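So that you can map any letter, position 310 of the sequence shown is 310 in the UniProt record's numbering, and since no number is skipped, the others follow by simple counting. Each residue gets a CB set at the ideal place from its N, CA and C atoms; glycine is no exception. Since this is a predicted model, take the numbers as computed values, not measurements. For reference, the structure is listed below as structure tokens.
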Amino acid sequence: MERIPQDLAEMVRAAARSAPGYPGDLADVHRRAGRRRNRQAAVSAAAVLVVLAGGGAGVAAWRAPAAPPELPAATAEPAPTVDPVATPPAQALILDDAAGRYHVPGGAEVEIGRDRQAGELRPDGVLVGHPVVGAPNWTKVVPLPDGGIVAFSSYDTKSAVDRSDRPDAAGLEYRLVVTGPDGRARIQRDIRRRNEQVTLLTADATTAYLWRPAGLFAHDLATGTERTVVKEPMINLGKVFGGLRHSDLSAGRLAMASTDDECLPLVIDVATGRPVSRIPLGKSDCFAVNRIRLSPDGTMLAVAYQYKSTGRTLPAAVALIRLSDGAVMARRDRIGMVDGVSLAVSLAWQDDHTLRGAEYPVAAGGVSEVNGFILTAR
């Protein structure tokens, strides 16, 4: 196997070391978007943070680690851009990290960014914006089935005061905001605890799932009370903040990729804390994982990752992997790159067997194009 050029490897590793985990001090929070965009532009191995899905309880037995999945040769057939459907998708396809003006081919222009609105590519191929009210500098948005949204943001209530920015600084809020279908904020709640990091993993109509240093917590949107879902020792990846690069929650299962070994995602059962599966991406020559998404029923994991090649860039692929045996049910190759320019990739499941994806530039200037694709497990 050809070795990746040393200078490229060092550049990618340097980008990975600078990649943000979850929000820490205020200065770090405000730098996250810029650092992410720089990583996307500098090298195609940027690790993009976030994930969303629904969750119910389930029990699964431990399985021995599956053999490295044999990834089929990439198909030369172009994937369709859109797939109109009558029923709403199981997961909304949010354009994470998008910043600037965007459009789909033949569609209207939409302005997207953390000081504007969140972008969503619908199954009918229409690009829409979700205004985020009451959550300036938002870092996570989860659309709800009724048309509302749940958003997480950092907010400095004393921005005009000259002071050091740190987790225990006065006036710093970590806001959880619930907006109704009418665009009005129904809940604005400061979920910060002094000297403690926090971020939003996903949400549904009643519950927001939050990562804190002690583990994963279910936050009741009506009352603000929290209960422990997964304790930190159960994730088996070291510290939550700094040790966890990607995570997703669906059907009572939690998928995680660590900063130390992101090409070996782990899936555990939330109810028991037991491992369900590890997905070794060894034979795919995985170099960096950019995104993971669990299927709505929790039986498959979609992985967007970069793999080693003999060229000067790191090409990317998306694979649908069955958790029960590690089999690759579908793969799309050569994504996330156009004319040598790195693109962001977002993923969302339409149903238990169909994955939707989107490719788009980040902060490219002018009006950028968003292109969708579909993968169906066979």
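Pair within 8 angstroms by beta-carbon distance, residue i and residue j
i    : j    : result
A208 : V150 : yes
L201 : S247 : yes
D97  : V362 : yes
G215 : E226 : no
P89  : Q350 : yes
P265 : L301 : yes
T179 : G148 : yes
A348 : L93  : yes
I374 : T354 : yes
L172 : Y360 : no
V229 : F241 : no
V303 : L281 : yes
G273 : M234 : yes
G100 : G365 : yes
D352 : P275 : no
Contact belief for residue i with residue j at Cβ below 8 angstroms, rounded distance in angstroms
i    : j    : result
M329 : L323 : The pair is not a contact, with the Cβ atoms about 11 angstroms apart (cut-off 8 angstroms).
Q188 : P213 : About 24 angstroms; that fails the 8 angstroms criterion.
S346 : G357 : 7 angstroms
V370 : Y174 : Their Cβ separation, rounded to whole angstroms, is 30 angstroms, which puts V370 and Y174 out of contact at 8 angstroms.
D146 : P181 : 5 angstroms
Member of the options whose CA lies at the smallest distance from the CA of residue i
i           : options                : result
R192        : W211, R356, G125       : W211
G326        : I335, R291, T354, S277 : S277
A205        : N236, L216, R186       : R186
D220        : F241, M256, L176       : L176
Y155        : G134, K308, D269, G119 : G134
K239        : R291, D260, L249, A255 : D260
E262        : K308, F287, A271       : F287
V341        : R332, R312, D352       : R312
L314        : R331, P296, N290       : N290
W138        : N236, T223, G113       : G113
I279        : M256, G224, A344       : M256
G183        : P275, Q117, L343, A203 : Q117
residue 391 : A108, L249, A170       : Absent from the model: residue 391. The displayed extent of the chain is 1 to 378, so no value can be given.
Q91         : A251, R194, N236       : A251
Cβ neighbour criterion (16 or more within 10 Å) applied to residue i
i           : result
P105        : exposed
D190        : exposed
S258        : buried
P143        : buried
residue 383 : No answer is possible for residue 383: it lies beyond the span of the chain, which begins at 1 and ends at 378.
R245        : buried
K158        : exposed
D269        : buried
T310        : exposed
V141        : buried
V110        : buried
A60         : Its pLDDT being 30, under 50, A60 is placed unreliably by the model, and the measurement read from it follows with that caveat. The residue in question, A60, is buried, as its Cβ has 16 or more Cβ neighbours within 10 Å.
R253        : buried
G372        : buried
P131        : exposed
R332        : buried
A203        : buried
A344        : buried
S44         : For S44, the pLDDT reaches just 33, beneath the cut-off of 50, and the residue's location in the model is therefore unreliable, leaving the point undetermined.
A47         : Unreliable positioning characterises A47 in this predicted model, as indicated by a pLDDT of 33, which lies under 50. A coordinate reading is not provided.
A222        : exposed
Fully enclosed by the segment 79-120, which beta strand (DSSP E) runs are 3 residues long or longer? 100-103, 110-112
Quick check for students: name the residue ranges of the beta strand (DSSP E) that lie wholly in the segment 336-366, counting only runs of 3 or more. 344-349, 354-360
Please give me, in chain order, every unbroken run of the beta strand (DSSP E) with length at least 3 that falls completely inside the segment 239-299. 244-250, 253-258, 266-269, 275-278, 286-294
What are the uninterrupted segments assigned as beta strand (DSSP E) that are 3 or more residues long and contained completely in the segment 120-144, given in chain order? 127-131, 138-143
Fully enclosed by the segment 191-245, which alpha helix (DSSP H) runs are 4 residues long or longer? 232-235, 240-243
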